[in-house]
DNA sequence: AAATACTATTTCGTATAGTATTTTCAATAT
DNA sequence: ATATTGAAAATACTATACGAAATAGTATTT
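Chains as they are written, first to last, in our numbering: chain W, 107 to 364; chain B, 107 to 364.
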């Protein structure tokens with residue numbers, strides 16, 4: 107009786123991979139765009155990227171094709187891929203207008219349809235927000251951004267309408283807003299002599315002050331949904347998005363003015 | 107006096123390709139999904155597809171990656187791609203609910219912002235609708251579907267909000283609705299003995315009757331926009347989408363009941 | 001200085017080989 | 001009969017090398 111070849115060849119028999127390389131690469135590249143490792147507007151060379159990530163071109167190409175559909179990477183035929191530019195002021199306003207069309211409705215629906223699972227998830231997400239507030243430095247803004255993304259996606263999901271949830275996800279608004287924030291920050295750092303001072307003010311304004319405010323607004327929304335008060339949920343979401351628009355507008359303007 | 111060099115040097119040289127192969131393949135595959143050459147829910151074999159289209163796997167993979175982002179193809183890691191299933195009744199309703207959130211607003215904005223270029227484009231599109239009504243048979247439904255897709259996309263574009271326009275395009279609603287229609291038709295053909303009779307009724311209802319009705323509704327919307335009557339445009343668009351929902355609902359129900 | 005020609009780089013697509021995983025299907029056991 | 005098992009086949013995934021075609025940059029000529 108021969109020894110099982112398959113067993114001897116793969117003695118440990120590692121658990122089957124649940125994801126494929128191209129998916130990981132997709133996430134990696136998205137991450138690189140997220141934190142300016144790939145700067146807005148910069149060229150993306152497939153070869154170089156493949157070498158850098160230590161994979162072949164095949165998964166990189168698939169990832170870039172998906173990122174193009176997502177609107178995070180732009181393709182110019184025969185010239186290559188480049189990271190999309192930062193949001194123009196118009197795109198910024200358009201994006202928030204779009205969110206105003208779907209998110210207040212989503213919050214309203216969520217309040218109508220939420221079940222115990224949804225309520226638990228909402229409470230957990232708000233708990234994670236409180237944790238994020240304890241972090242300090244740049245990481246705090248990133249943590250808050252990620253909470254924000256999850257919070258809004260969660261509500262879209264609880265609304266029960268997949269089309270709405272998908273359309274929200276595909277805006278990648280948290281990614282675009284974070285890029286604006288980072289670009290603004292980098293700009294300030296390289297700026298005049300008062301850069302450090304301005305930066306500190308900026309940090310305080312955006313991270314601590316604004317962060318706490320945003321989370322307070324999230325709290326109102328979450329409570330309204332948990333109370334199944336649909337009108338209050340809609341109103342609170344509307345107010346939150348407009349408030350968020352006002353918070354980010356200076357950064358969007360500064361970048362476009364530059 | 108020398109002959110214009112740029113003219114003499116270039117004419118022989120064939121015009122540079124404006125698109126790359128993977129884009130053409132993307133369109134081809136989308137087309138194959140559109141008219142059930144790739145049936146809903148069926149597996150998509152990359153190898154076979156590459157052979158069939160007479161290209162290598164690379165452009166096919168890029169196209170499929172994009173189609174997955176579009177939600178037209180689903181990927182299961184290590185198992186491969188498959189065409190998405192037909193819309194469930196819930197997805198169907200969700201989709202129309204989503205459209206109700208953005209399209210009436212888009213029509214309203216379009217009426218406010220439309221310029222002469224937009225008015226001309228709207229008139230041209232309505233003219234093409236009249237032409238489509240003259241076609242007979244199955245092609246008519248396809249022609250009407252394509253007009254419908256262009257009409258709604260045009261209004262979203264005139265609204266000036268790129269986020270809104272993109273989100274509409276990405277629903278690919280005309281594609282999904284056409285697939286529902288075709289599936290229903292195929293189902294009827296393979297059905298009972300009264301199939302032919304029912305089919306004729308169906309044709310008349312959906313193609314001639316419904317087609318003319320849809321175009322009448324488009325006319326109302328187009329006129330409101332051209333008149334820059336924003337409230338009327340919003341109302342007309344809202345009514346049209348609800349009317350369209352009612353027209354397609356029987357097909358969506360029939361398929362889900364099957 | 002401007003047009004042209006040439007070179008280098010890069011993108012795009014092909015071809016192929018190898019590995020990992022799923023699927024198929026028949027033999028075996030329950 | 002049903003379920004389990006295990007090899008074989010099919011398929012998905014990744015790597016790699018190469019070549020054609022377009023673009024970008026440089027040098028040369030007029």
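Ideal placement from N, C-alpha and C gives every residue a C-beta, glycine not left out.
If the five residues before and after residue 351 (chain W) are omitted, its C-beta is found closer than 6 Å to the C-beta atoms of 202, all from its own chain and listed in chain order. For residue 268 (chain W), at least one C-beta of chain B is nearer than 8 Å to its own C-beta. If you draw a straight line from the Cα of residue 353 (chain W) to the Cα of residue 173 (chain B), it comes to about 36 Å. In this structure, W:270 is the residue among W:270, W:342 and W:293 with its C-alpha nearest to the C-alpha of residue 197 (chain B). Around residue 284 (chain W), no beta-carbon contact reaches into chain B at under 9 Å, the shortest distance being about 17 Å. A distance below 6 Å between beta-carbons, with the five flanking residues on each side excluded, links residue 181 (chain B) to the following residues of its chain, in chain order: 174 and 187.
Residue 225 (chain W) is a Cβ neighbour of residue 332 (chain W), given a cutoff of 8 Å.
Rounded to whole angstroms, the separation of the alpha carbons of residue 153 (chain B) and residue 134 (chain B) is 16 Å. Inclusion of residue 131 (chain W) and residue 169 (chain W) in the CB contact set at 8 Å is warranted, their separation being smaller than that value. Listed as beta-bridge partners of residue 274 (chain B) by DSSP are no residues whatsoever. Residue-level contact by beta carbon holds for residue 203 (chain W) and chain B, with a gap shorter than 8 Å.
DSSP, reduced to helix, strand and coil, places residue 181 (chain B) within a strand of the structure shown. In this structure residue 293 (chain W) is in contact with residue 360 (chain W), their Cβ atoms being roughly 7 Å apart against a cut-off of 8 Å. Taking 8 Å as the cut-off, the Cβ atoms of residue 276 (chain W) and residue 276 (chain B) count as close.
Comparing C-alpha distances from residue 267 (chain W) to each of B:171, B:207, B:285 and B:161 shows the shortest one belongs to B:207. Those residues of the region 201-229 of chain W placed with their C-beta closer than 7 Å to a C-beta in chain B are 201, 203, 204, 207, 208 and 211, ordered along the chain.
Taking 8 Å as the cut-off, the Cβ atoms of residue 146 (chain W) and residue 195 (chain W) do not count as close.
In this model, residue 263 (chain B) and residue 211 (chain B) are separated by some 12 Å (Cα to Cα).
Taking C-beta separations shorter than 8 Å and ignoring five residues to either side along the sequence, the partners of residue 163 (chain W) in its chain run 152, 153 and 156, following chain order. Taking all protein chains shown into account, residue 183 (chain W) has fewer than 16 neighbouring C-beta atoms within 10 Å of its C-beta and is therefore exposed. Using a CB distance below 8 Å, no part of the region 336-356 of chain W faces chain B.
Interface with chain B (8 Å Cβ-Cβ cutoff): residue 195 (chain W) is excluded.
Residue 146 (chain W) does not reach chain B, its nearest Cβ partner there being about 17 Å away, counting only Cβ pairs nearer than 9 Å. For a Cβ distance threshold of 7 Å, residue set 269 of chain B lies close to residue 277 (chain W), ordered along the chain.
The three-state secondary structure of residue 150 (chain W), taken from DSSP, is strand. Counting along the chain, residue 186 (chain W) sits inside the beta strand (DSSP E) bounded by residues 186-189. Here the C-alpha atom of residue 149 (chain W) lies approximately 12 Å from the C-alpha atom of residue 139 (chain W).
With its beta carbon less than 8 Å from one in chain B, residue 172 (chain W) belongs to the interface. Looking from the CA of residue 334 (chain W), the closest CA among W:273, W:161 and W:215 belongs to W:215. In the three-state DSSP reduction, residue 135 (chain B) falls in the helix class (H, G or I).
Per the coordinates, the alpha-carbon of residue 349 (chain W) lies some 22 Å from the alpha-carbon of residue 229 (chain W). At a cut-off of 8 Å, the C-beta of residue 273 (chain W) has a neighbouring C-beta in chain B. Contact of residue 186 (chain B) with chain W is not assigned, every C-beta pair being separated by 8 Å or more.
Chain W has no Cβ within less than 8 Å of the Cβ of residue 242 (chain B).
The CB of residue 126 (chain B) comes closer than 9 Å to the CB of 181, 183 and 184 in chain W, given here in chain order. The beta-carbon of residue 130 (chain W) is placed no less than 8 Å from the nearest beta-carbon of chain B.
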